[in-house]
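Numbering (our numbering), first residue to last: 10 to 101.
What follows is the structure, given as structure tokens:
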């Protein structure tokens with residue numbers, strides 16, 4: 010029987026690790042994608058050059074947060090599918 014103590018649940022801990030790893034990778038991927046766009050914007054656009062550094066950092070961080078959320082969610086869904094398959098086959 011399954012207990013309700015989520016802190017000691019091995020499956021929940023494994024899911025959290027996978028989601029955290031996915032979020033980190035997603036933030037790095039989206040940051041790497043956005044950095045060249047911001048460099049191009051800085052060199053070409055007078056509107057972008059007129060923005061404050063705080064707002065530019067906010068824009069960069071917003072993209073990285075979105076990337077982390079998307080990639081973390083994708084990895085969680087893959088983990089859920091894998092766990093359902095394992096349970097269906099009786100491996101767990």
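Glycine included, C-beta positions come from ideal geometry on N, C-alpha and C. Every value quoted in this text rests on a predicted model; they were computed, and no experiment measured them.
Within the same chain, 32 and 35 come within 8 Å of residue 78 by CB-CB distance, once the 5 residues on both sides are set aside.
Put simply, the backbone Cα of residue 76 is about 10 Å away from that of residue 82.
Membership of residue 18 in any alpha helix (DSSP H) is not indicated, and neither H nor E is assigned to it by DSSP.
Judged by their CB atoms, residue 21 and residue 85 are not nearer to each other than the 8 Å cut-off. Per DSSP, reduced to three states, the secondary structure at residue 60 is coil, with no helix or strand assignment. Here the alpha carbon of residue 60 sits roughly 21 Å from the alpha carbon of residue 41. In this structure, the CA atom of residue 87 is about 13 Å from the CA atom of residue 26. Selection 48, 44, 19 and 98 evaluated against residue 70 yields 44 as nearest (Cα-Cα). Cα atoms of residue 80 and residue 37: separation of roughly 10 Å, rounded to the nearest angstrom.
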